[in-house]
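A short write-up of the structure that comes next.
Numbering (UniProt numbering), first residue to last: 1 to 105.
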């Protein structure tokens, strides 16, 4: 299992895909944060709930990274790749949480 993780963290194709995901989901998050419905009290509450969820996700993934870093080969590129994908996962969860909370409310 650690060999698979090691191969994924050293993959340049996965890094380039991560760049695309970063641009797309960061743009979506900025749009969702600055849209008119996010400026009222209900919109701020939705963003707050989604941010708490994404913060918990960030803490979990950083701790997982800290635990597996002793088992895989860590260099600059693999660290950048892992940090980029942690950011992408956190942003995706925040975007999806905002959309789901807006549909529920």
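Yeah, the Cβ is synthetic: ideal placement off N, Cα and C, and Gly gets one too.
Hey, out of the options, whose CA is closest to residue i's CA?
| i | options | result |
| --- | --- | --- |
| residue 5 | 77, 101, 88, 72 | 72 |
| residue 47 | 83, 58, 57, 34 | 34 |
| residue 2 | 67, 12, 19, 57 | 67 |
| residue 98 | 89, 45, 59 | 45 |
| residue 59 | 29, 22, 105, 83 | 83 |
Quick one: grab the DSSP three-state call for residue i.
| i | result |
| --- | --- |
| residue 123 | No answer is possible for residue 123: it lies beyond the span of the chain, which begins at 1 and ends at 105. |
| residue 91 | helix |
| residue 12 | helix |
| residue 74 | coil |
| residue 23 | helix |
| residue 1 | coil |
| residue 38 | helix |
| residue 51 | helix |
What residues in its chain sit with their C-beta under 6 Å from that of residue i, if we drop five residues either side in the sequence?
| i | result |
| --- | --- |
| residue 81 | 9, 15 |
My assumption, with CB atoms under 8 Å, is that residue i sits in contact with residue j. Please give the rounded CB distance.
| i | j | result |
| --- | --- | --- |
| residue 91 | residue 25 | 5 Å |
| residue 32 | residue 38 | 6 Å |
| residue 18 | residue 63 | Not really, about 20 Å apart at Cβ, beyond 8 Å. |
Taking 8 Å as the limit between beta carbons, can you name the residues of its chain near residue i, skipping five residues before and five after?
| i | result |
| --- | --- |
| residue 54 | 90, 91, 93, 94, 97 |
For residue i, which residues from the same chain have a beta carbon less than 7 Å from its beta carbon, with the 5 sequence-adjacent residues on both sides left out?
| i | result |
| --- | --- |
| residue 50 | 94, 97, 98, 101 |
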